[in-house]
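This report concerns only the one structure given below.
Residue numbers (UniProt numbering): 1 to 1096.
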């Protein structure tokens, strides 16, 4: 790379009335920061300093500016500017037209700013500025000063006259006065373009330093100006000045560090050349001009490097030391990020305790981004073996803080901390104790996938670094490591989270995809593995196969990437699936046979063939393995009655049958198997009818019912014609010891068979056969009758009956007739008795259940019970959403909104949203019904005491339901007015003039919460209806009741925004507001709205 042109600028003269900064003195240790003990806590922050008064002593500068003539400056034309430099804060002087001499400055300043903002031709703009500096350096310096203020968003102007005569403090004060504080033009933080602007400004600063490093960089007039101006701006109370100047100062320091490194390398190279010339001089006594030139060059290089180091030290103490604790988080981030860069590229100078302490202190910053920058700055340092001894004190000082940051609330910081711990363990193996590593191991099961992967990489570094890449044959070296992995899984005591462990390691640990070694360990390992180790390896094998073929992370783990996999990922998935299929097809039947008695292991093993590439079974050498697999599955059906095993086998049969090339082979085995099960059920049923079934026969009968029920969930069993037998079982089977299993499975099979029959009927075409419709209706009526009877009597199997009858109400609803009128006979409308029993079941089994005690021993049971109750509530909500029940019946759930929100809140909110989408008016009526239900559940004394807890709870419910009507009052007016009408009718329900007061009159105080949702004209209509009902029932309006008065007041258009009722010295505020805006006139050009609800 060629050297830049030689600086031919004229002889410089001082442009300041003060001596140049003595960087040598600053670097000699006189600064207070130099005397601080290592890692001492930082001194009190300088945030919030008292603002300095602006220097307003600005006199006529024409006399002082006369020295410009010495530099061949053309004489000024036009009128003198006089006091045009500005005035004191509070007013700005009128703008005066620039002289001809100064006009180019504005154009050139705009050129530099435009180059940075657009990112175009930045090197060319820098070269042109250097040319101007060589010609008229005072103008160029003023131009650069103007540039620094302009990129801060300041609209003020810096002239050569100001740069030459004013101190930097005065210039900054002048620009502060001209700064528009409400200006949005603050490029460093200006919206989405800030990142691009920062990159462009970084490029500009580095290009500038790179082009002047040969000569101009050592010009005192230039660098003194830059350093002092940016130092002053970085200490300003104007945020944009402080922010931008800190960024520029830190970037200049980074560029100077690069120059220092380059000079250091040049000096080292020159020293080697000098040594070579010395060797030549031993043989030649004559003088060597080249040697003398090299010595002079090295001396000059050392001097320049030392001068730059002094500037770096000055900027560090003048800017960094004050700004790394700035109140603006991004300023702190800038300082820490650049310090990390200096340490990375120039560790010989910056990796020292006097610099590291700033990183350590900032680890406690309250902003996550700052902490993240600190960790990111530390990681590269520990990868440099030459400076590890310098980091030891730092690590010992801040190890406890780093350990706590593993659980940092900022996820990116937590991930980087885990990576730092991994690097720390690599360079200091004895540093981390068992106590330090336990939190890292637990993070493998974290819900955040990048964090879990980072923790998995730490585990790999610590334990599995010697793992070999898997192949198609077992690897003996990996066997021991797989045992260690199983040990880790067992000792983690999180045995139900195997998918999380596999997901954390599958991308970084080759052991997870070593299927051949895992299978070999399970089949041939000598001595054999312990049962718990076998179970864990089988679970890891199953989870690995699943994720390798699907690429999907486990449920509940947050994955950053969304959407379809990339082409490379899809190709990798395809290759992994082909490899695992080729390896495991011969081994799965043997594994199923070996572990056929262990239900937990069998469930995981049966899952493996679901992810095979099934076309491989078509090859001649693989067909025998398919037969072996079918035989193994048949044996499992005969041995097991565990529902999980039976369901897994049935699902595998269904999966294999759906692949048409294998259908013939699989169907043969499946038909033979189910024929045997059906025949045994018929035979056992005959024994049951003849009352010849003993206990052993009954247990066997129950097991065969379970087997058939498992297959019924995946395939149509119509050809085995078991309907009549199932009807008899459900109707007559009453053995107490095993009746629950039999009745529930038989009910489930009947329901599934009915669904298959309905689906088959729909596939026949638009006009199904009448005979088929009649038979299906007969079966449905039979099942409905049995389920209704079970629900009424609360007999054994009532929970399954509730779920099935709700689904039948949806399947055979009115939507059937939309497909074809031929389906009208199948439409089923349940009677009120059945609907009432459904509500009773829901209340008894969900809302009236006693509170469970927090017992760790019964925690799993409580979770299972809660899951079941949520299923019951969701089933009832489905009836409302699909139109099987009217919306008003949703009141049964909504009145529990407050009391059971913790467990069912998501279901309640979803139901309310769906009801609003279906019908606004019906939703309003339903809300009134829910509130009425709560009101009637209270005692009379509670109804008449609006300050009691239950009444306040009902008022709070009304407040929470109010926002459902939205802010478009015209759209929801029918719903809101209907709600008020229902509330008024209820308040005066069954009231006789002989009574002292209506029993429900206090319900009007609940209706107040919805008054704010009424339009002005609707308020009048509701008020008229209220007065009409009141006078008809009472006959006079002289003595009104307080609830009536408060409610009537809420309907007054001119009422205050918040209606208040004062009772016993306690103020009760309504959430609804009587909005004055509701009474505003019509909008421009839209005319009068139609009077839809002017009266009831």
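Just so it is clear, CB atoms sit at the ideal spot from N, CA and C, and this is done for glycine as well.
Asked: CA nearest to the CA of residue 726, picked from 714, 702, 849; Found: 702
Asked: Boundaries (first-last residue) of the alpha helix (DSSP H) holding residue 982; Found: 969 to 987
Asked: Cα-Cα separation, residue 597 to residue 640; Found: 8 Å
Asked: Own chain partners of residue 95 with C-beta closer than 6 Å, once the 5 adjacent residues on each side are dropped; Found: Residue placement at residue 95 is flagged as unreliable, the pLDDT there being 33, under the threshold of 50; a coordinate-derived value is accordingly withheld.
Asked: Residues near residue 127 in its chain [Cβ-Cβ closer than 6 Å; skip 5 each side]; Found: none
Asked: Proximity winner among 617, 687, 676, relative to residue 657 (alpha-carbon distances); Found: 617
Asked: Backbone secondary structure at residue 1121 - three-state DSSP; Found: Absent from the structure is residue 1121, since the part of the chain shown begins at 1 and ends at 1096.
Asked: N-terminal and C-terminal residue of the alpha helix (DSSP H) that residue 342 is part of; Found: 329 to 345
Asked: Status (buried if at least 16 other CB within 10 Å, exposed otherwise) for residue 899; Found: exposed
Asked: Same chain only: Cβ atoms within 6 Å of residue 922, ignoring 5 sequence neighbours per side; Found: 887
Asked: Buried or exposed (CB count within 10 angstroms, at least 16 for buried), residue 407; Found: exposed
Asked: Chain-order list of residues whose beta-carbon lies under 6 Å from that of residue 509 (same chain, five-residue window excluded); Found: 460, 464
Asked: Separation of residue 223 from residue 234, as counted between CA atoms; Found: 16 Å
Asked: Test item: CB-CB of residue 440 and residue 382 under 9 Å; Found: no
Asked: Cα-Cα separation between residue 306 and residue 257, rounded to whole angstroms; Found: 11 Å
Asked: Cβ contact (3+ pairs, closer than 8 Å) linking the segment 164 to 177 and the segment 257 to 268; Found: no
Asked: Inter-stretch contact (C-beta, 8 Å, three-pair minimum) for the segment 585 to 603 and the segment 625 to 632; Found: yes
Asked: Classification of residue 997 by the beta-carbon crowding that lies within 10 angstroms, buried from 16 upward; Found: exposed
Asked: Residue 442 to residue 937 span [Cα, whole Å]; Found: 49 Å
Asked: Cα-Cα separation between residue 547 and residue 503, rounded to whole angstroms; Found: 8 Å
Asked: Proximity winner among 863, 872, 870, 879, relative to residue 830 (alpha-carbon distances); Found: 879
Asked: For residue 787 and residue 848, the rounded distance between their alpha carbons; Found: 23 Å
Asked: Backbone CA spacing between residue 811 and residue 875 [nearest angstrom]; Found: 13 Å
Asked: Three-state class that DSSP yields for residue 800 in the structure shown; Found: helix
Asked: Helix, strand or coil at residue 161 [DSSP, three-state]; Found: helix
Asked: Buried versus exposed call for residue 865 [16 or more other C-beta atoms within 10 Å across all chains shown]; Found: exposed
Asked: Inter-stretch contact at 8 Å, needing at least 3 Cβ pairs: the segment 326 to 344 / the segment 292 to 310; Found: no
Asked: The segment 577 to 588 contacting the segment 529 to 540, beta-carbon criterion three pairs below 8 Å; Found: no
Asked: Inside the segment 742 to 798 only - alpha helix (DSSP H) runs reaching at least 4 residues; Found: 770 to 793
Asked: Residue from 930, 959, 478 with nearest C-alpha to residue 1129; Found: Since the first and last residues shown for the chain are 1 and 1096, residue 1129 lies out of range.
Asked: Burial state of residue 915 (16 or more Cβ within 10 Å); Found: buried
Asked: Closer than 8 Å: residue 944 CB and nearest the ligand GDP heavy atom; Found: You won't find the ligand GDP in this model; it holds no ligand whatsoever.
Asked: Contact under 9 Å by Cβ, residue 188 with residue 244; Found: yes
Asked: Buried versus exposed, by CB contacts within 10 Å (16 or more), residue 892; Found: buried
Asked: Meets three-Cβ-pair contact criterion under 8 Å: the segment 467 to 474 and the segment 423 to 438; Found: no
Asked: Nearest-angstrom Cα separation, counted from residue 670 out to residue 568; Found: 39 Å
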